[in-house]
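Data first, discussion second: the structure below is written as structure tokens.
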Amino acid sequence: MQLVREQPQEEESTVRIHARDPYPLTAPTWVLSEDRPRFTAESPKWNSHSLVYAPLNLDRLQQWIDAGRIDTSHVITMKDLVDSRAIHQIKDGVKLLADGKEKFHSKIRIDVSRASNEAIKTIEQNGGQIVCSHYNKLAMRLLLKPQKFVPPYPRRARPSPKLMSYYTSDEHRGYLSPSYSGVYQSFLEDMHGRGVCVSPNGQGRIES
475 MQLVREQPQE
485 EESTVRIHAR
495 DPYPLTAPTW
505 VLSEDRPRFT
515 AESPKWNSHS
525 LVYAPLNLDR
535 LQQWIDAGRI
545 DTSHVITMKD
555 LVDSRAIHQI
565 KDGVKLLADG
575 KEKFHSKIRI
585 DVSRASNEAI
595 KTIEQNGGQI
605 VCSHYNKLAM
615 RLLLKPQKFV
625 PPYPRRARPS
635 PKLMSYYTSD
645 EHRGYLSPSY
655 SGVYQSFLED
665 MHGRGVCVSP
675 NGQGRIES
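Mapping to the working numbering: the sequence shown position 165 is 639, numbers consecutive.
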């Protein structure tokens, strides 16, 4: 079947272009003859800037706690999850999920990037606390590999406008929310007390 070249429709207000113009203002489309449907080429629809969160289920977290691989006497950080191999790799953060929630029974304090509503409910029903906090890429690298940095430490960036609504929400236990920012301050004090690098001032304050 032969392909024929179809010139674009011309509006009255546009400049007429000769068919042999090697540099047309509007790229022509290609259609099949015999009134077949027009072919169009589109770019893949994916967002190169989307964030990737490593999933962690409650049953796996409980298994690691029972095995003594995670210490519940301190705030459980994402660094603790990586060091214990509960999670093998973190790109943009960790999302806590409720799979296996019926097996979870520990009282913990935990700092993750995101959490499902059921996971939050299960943690709190067992007397624990959870806060979801944002780490930009540089701050995440500082958290996971502090040995690669020397003072003064880089400032931890606040969430972008697109993410701000999540981290200022009480429902999501956001670290900047009215009801849970104080809880996160106590988390930071615990982290700094054992040398976890989360801010440049070293005093457990959220960067402004």
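Just so it is clear, CB atoms sit at the ideal spot from N, CA and C, and this is done for glycine as well. On a predicted model such as this, the values are computed, not experimentally measured, just so you know.
Whole runs of the alpha helix (DSSP H) within the segment 588–645, excluding any shorter than 4 residues: 591–599, 611–618 and 635–641
Applying the 10 Å Cβ sphere with the 16-neighbour rule, what's the burial state of K611? exposed
Where does D545 land, buried or exposed, given buried means 16+ other C-beta within 10 angstroms? exposed
Verify whether the separation of the beta carbon atoms of N600 and K575 is less than 7 Å. no
Mind listing, in chain order, the continuous beta strand (DSSP E) runs of no fewer than 3 residues lying wholly within the segment 530–580? 567–571
For N591, does the count of other Cβ atoms within 10 angstroms reach 16, so buried, or fall short, so exposed? exposed
Sequence-distant residues of its chain with Cβ nearer than 8 Å to G669 (five each side left out): P620
In chain order, what residues of the same chain lie with their CB nearer than 6 Å to the CB of I584, ignoring the 5 residues before and after it? I550 and I604
Report all residues from its chain with a CB closer than 8 Å to the CB of M552; omit the five preceding and five following residues, and keep chain order. I561, I564, G567, V568, D585, V586, S587, Y609, M614, L617 and L618
Bridge partners - D585, DSSP secondary structure assignment: V605
What's the gap between the Cα of D557 and the Cα of A541? 14 Å
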